[in-house]
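A.B. asks: Sequential numbering of the sequence shown, starting at 10, is according to the working numbering. The C-beta atom is built at its ideal place from N, Cα and C for all residues, glycine as well. Just dropping this structure here.
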Amino acid sequence: MKPITEEQLFNFPCEFPIKAIGKDINNFEEQVTALIQKHIPNIHPKQIKSKLSSSKTFLSVTITILATSKKQLDDIYTDLNKDTNVLYTL
């Protein structure tokens with residue numbers, strides 16, 4: 010039996026939620042959106058959900074995209090993780 014590849018785990022294209030968490034400063038939601046828009050140019054506001062932490066210190070931003078490949082997802086996460094304002098990604 011052949012091992013399953015990462016590409017086979019997903020049925021592309023598929024909806025995929027990308028979450029980034031950072032401090033609620035410097036227009037964090039807009040920064041995350043701009044980073045993802047480099048890869049997915051037409052993000053609709055309904056695709057974006059933000060939630061402030063109970064301490065009102067951190068903001069989680071989830072953007073659900075139509076992912077077309079694992080490479081596309083890898084590229085998005087690479088850009089998010091390079092940004093110093095992004096503390097965690099899921």
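Give every residue of the same chain whose Cβ lies closer than 8 Å to the Cβ of Q56, excluding the five residues on either side of it in the sequence, and list them in chain order.
C.D. replies: Within its own chain, the residues whose Cβ lies closer than 8 Å to the Cβ of Q56, once the five positions on either side in sequence are excluded, are I72, T73 and I74, listed in chain order.
A.B. asks: What are the start and end residues of each continuous beta strand (DSSP E) run of 3 or more residues lying completely inside the segment 10-85, in chain order?
C.D. replies: 23-32, 57-61 and 67-76
A.B. asks: Over the uninterrupted beta strand (DSSP E) stretch that includes L99, give me the two end residues.
C.D. replies: Premise fails: L99 is in no beta strand (DSSP E) and is neither H nor E.
A.B. asks: Report the CB separation of I30 from Y97 in whole angstroms; it is logged as a contact under 8 Å.
C.D. replies: 4 Å
A.B. asks: Using the Cα positions of N90 and S69, report the straight-line distance between them to the nearest angstrom.
C.D. replies: 14 Å
A.B. asks: Using a 10 Å radius around the Cβ and a threshold of 16 neighbouring Cβ atoms, would you call L99 buried or exposed?
C.D. replies: Exposed.
A.B. asks: Pick from T77, V95, K58 and S63: whose alpha carbon is nearest that of E23?
C.D. replies: Contrary to the premise, residue 23 reads as Cys rather than Glu in this sequence. Taking the Cα of C23 as reference, the smallest distance to any Cα among T77, V95, K58 and S63 is reached at T77.
A.B. asks: Out of K79, F67 and T93, point me to the one whose CA is closest to L18's CA.
C.D. replies: K79
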